[in-house]
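Residue numbers (our numbering), protein chains in the order written: chain A, 11 to 339; chain B, 319 to 637. Yeah, the Cβ is synthetic: ideal placement off N, Cα and C, and Gly gets one too. Note that the coordinates shown come from a computational prediction; the quantities given were computed from them, not determined experimentally. Remarks on the structure that follows.
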Amino acid sequence: MVIMKTPLLDVRSLSTHFFTEDGVVKAVEDVSFEIFEGEILSLVGESGCGKSVTGLSLLRLIPTPPGKIASGEIFFDGRNLLKLEEKEMEKVRGNDISMIFQEPMTSLNPVFTIGDQIMEAIQLHQNPDKKEARKKAIEMLDRVKIPSPEARIDSYPHQLSGGMRQRAMIAMALSCQPKLLIADEPTTALDVTIQAQVLRLMREIQREMRMAVMLITHDLGVVAEIADRVAVMYAGRIVEYGPIETIFGEMRHPYTRGLLESIPQLEDKRKRLNAIPGQVPNPMDLPMGCKFHPRCYLMIEDCKKEEPPLFQVNDNHFSRCIRWKVCCY
Amino acid sequence: MTSFLLRRLLQMFITLIGISIISWVIITTAPGGPISLTMDPKISPKIIEQMMKNYDLDKPVYQQYFLWIKKLFTGKLFSFKDGRPVLEKIWERIGNTLLLNLVATIIIFSLAIPLGVFSARKQYSMMDRLTTFGVFLGLSIPGFWLAYLIILGTVELFGYPVLGMRSFVTEGFGTTEIILDRIWHLLLPALIMAIHGMAGLSRYTRSSMLEVIRQDYIRTAKAKGVPEETVYYRHGLRNALLPIITLFGFLIPGLIGGSIIMESVFAWPGIGRLAYQAVLARDYPVVMTINTITAVLVLLGNFIADLLYGVVDPRIRYG
């Protein structure tokens, strides 16, 4: 992995809040991270930890109201996306930054053919004539290994299997050669065998196109397979952030350790599966201090007092735990 | 597809026969009859007997039904009231009804759908609340009452009511004035009819749109960089219109069947008014024929709506 000096994407203290009738949900709070050209950063966490909201915030697709990006800066290629006019933001979406979603069943418009939907993105950003756009769309379908793309281009989403639909989604997202792809749980809804195929395909294309990827997932198996760096999220915050080898081998946050220990191991079948005790806190009623302390086996009185900052473990590894020195491996 | 078409046509035919039998029973068993309504004590029983015979009223009800069908298809069906051929009476009014309803429908669709889309996009905004209020007002005000108010208003304004298709006195009118007079007479009832239709359709569009814009594929379209306007009208409306297509099914009978209330209030010489007068006069042949035509149109409208579903929604297959 080559780290270049200026990151492609630089997110600084992003906070996204939802103003509901029952109160303010701070879905994302003070989140900062970078993504460099050509690398895969994985955002990991349980459901509701704010990882999808982070992804949507980058494209400014948070439904407003009730959601709102409360503060922060998102620098992409030197420009602060939060300062752009809506018209300019439209040019970024699908062109510089693309996104694919979890549900290939519902993420494609049922009344248009997949060709129409891929061509729409191409025509929006590159202004080719119809014939050229169609040729390009067929090329993209071929690239994501959809068999007989000339015929498949005129299929409607319901005529394709889940895996094929997700490939079509990927083709659509990549049709304008984006510099950054945000993949929100791209394989979660797929069969295990198809998952592996789609992941392999994504990594292949990512390397070919030298594209950066932000992979949002709860599946540590997927992370281990393709990520370069990992940001672990809990209750809207990044709790640990570092290169993949460090996160998997020398984690410095008890939550990360808990997550890794909850992966079932094939080798020792007799052992009981470890689980993190307790439950994810209610986002409207977060505990004081460290948000993880009620579930943490390393908890001391100080954990309840104030929210810990991100401690620097070494030059590219950070942990939001005051006891990171005694934690964890 | 062919078997689907054949099956549907057969079903429609059977339904139509059922409808005509039931309407025949209802109409003939309703109190009063064509003779008693025109009865004059001075008319001799002989003449009444002759009339009964002419109208086939001396025969059993089921025979009357078959005679009606026979006469309808041989073109020998005459109105009880003035003895003119029924189809001719209907034919000369179809144009008027079509004109009025076409204008009303164009107003409804061209205003209600954008209004519904707008309300959905800006849900709970001031404008949305305002249109919601307007819609419920439009739905709850009885059309005939509003029509009478408007007619009263025109009396205040011009000194004569806007009734029928043109002013009674057109002497001294130039060509432009005659044209304007016709438009004015057309637009007023059409607008009042449109208020009701708009209220309903814009509500349908709004709720249907609200459901659609929460779908994942709308988010996908936005993530592709599709401008918001296009997202709503291209990706949203096309899906939102699926349930609204049912309404197209009612459109066709509405266009030709006419509106009894509005045509009567505005003295518009259309089918609806003809039907109303025929019912009052117990003019069985006219009532039955209009009834049957409307039934055919309803069935046809539903059939076309079914076919349209397949055109708009690629997931629907006929077999």
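Quick check: the Cα distance between residue 351 of chain B and residue 401 of chain B, rounded to an integer number of angstroms? 16 Å
Counting only Cβ pairs nearer than 8 Å, list the residues of chain A close to residue 534 of chain B. 111, 113, 116, 117
Please list, in chain order, all residues of the same chain as residue 131 of chain A whose beta carbon is under 7 Å from its beta carbon, the five residues on each side excluded. 104, 182, 185, 186
Given 8 Å, three or more beta-carbon pairs between the segment 213-230 of chain A and the segment 186-205 of chain A: yes
What residues match up with residue 520 of chain B in a beta bridge as DSSP calls it? DSSP, once it has assigned bridges, lists no residue as partnering residue 520 of chain B.
Using the Cβ count rule (16 or more neighbours within 10 Å means buried), how would you classify residue 384 of chain B? exposed
Inter-residue Cα distance where the pair is residue 204 of chain A and residue 173 of chain A: 6 Å
Do three or more CB pairs link the segment 598-606 of chain B to the segment 328-346 of chain B at distances below 8 Å? yes
Going by the CB atoms, is the gap between residue 221 of chain A and residue 538 of chain B shorter than 9 Å? no
Do residue 83 of chain A and residue 21 of chain A have their beta-carbon atoms positioned less than 9 Å apart in this structure? yes
Using a cut-off of 9 Å between C-beta atoms, extract the partners of residue 452 of chain B located in chain A. Per Cβ cutoff of 9 Å: no residues; residue 452 of chain B is ~23 Å from chain A at best.
Taking just the CA atoms, how far does residue 85 of chain A sit from residue 16 of chain A? 10 Å
What residues from chain B crowd round residue 135 of chain A, counting only those whose CB sits closer than 8 Å? 543
Which of the residues in the segment 20-36 of chain A, read from start to end, lie with their CB under 9 Å from any CB of chain B? none
By the criterion of Cβ-Cβ separation under 7 Å, what are the contact partners of residue 69 of chain A in chain B? 541
Applying the 10 Å Cβ sphere with the 16-neighbour rule, what's the burial state of residue 413 of chain B? exposed
Taking 9 Å as the threshold (C-beta atoms), are residue 211 of chain A and residue 155 of chain A in contact? yes
When DSSP labels each residue in this structure, what does residue 77 of chain A get in the three-state scheme? strand
Where in the segment 153-204 of chain A do unbroken runs of the alpha helix (DSSP H), each at least 4 residues long, occur, reported from the N-terminal end onward? 159-162, 172-184
Could you tell me the distance, in whole angstroms, from the CA atom of residue 341 of chain B to the CA atom of residue 334 of chain B? 11 Å
Quick one: list the residues of chain B neighbouring residue 108 of chain A, beta-carbon separation under 8 Å, in chain order. 541, 542
Environment of residue 301 of chain A [buried if 16+ CB atoms lie within 10 Å]: buried
Could you spell out the range, first to last residue, of the alpha helix (DSSP H) harbouring residue 622 of chain B? 602-630
Which residues does DSSP list as the beta-bridge partners of residue 20 of chain A? A/44, A/85
Using a Cβ-Cβ cut-off of 9 Å, state whether residue 154 of chain A counts as contacting chain B. no
Take residue 50 of chain A as the anchor and find which of A/253, A/297, A/305 has the nearest alpha-carbon. A/253
Whole angstroms is fine: what's the gap from residue 430 of chain B's alpha carbon to residue 269 of chain A's? 53 Å
Helix, strand or coil at residue 114 of chain A according to DSSP, with G and I counted as helix: coil
contact_flag[the segment 547-560 of chain B, the segment 196-203 of chain A] where n(CB pairs < 8 Å) is 3 or more: no
Considering only the alpha carbon of each residue, which of A/30, A/40, A/118 lies closest to residue 60 of chain A? A/40
Rounded straight-line distance, which links the Cα of residue 420 of chain B to that of residue 510 of chain B: 13 Å
Contact set for residue 424 of chain B: own chain, Cβ-Cβ below 7 Å, skip 5 residues either direction: none
Whose CA, out of A/241, A/259, A/260, lies closest to the CA of residue 251 of chain A? A/241
Status (buried if at least 16 other CB within 10 Å, exposed otherwise) for residue 135 of chain A: buried
Please decide whether residue 446 of chain B counts as near chain A, where near means a Cβ-Cβ distance under 9 Å. no
Classify residue 262 of chain A as helix, strand or coil using the three-state DSSP reduction. coil
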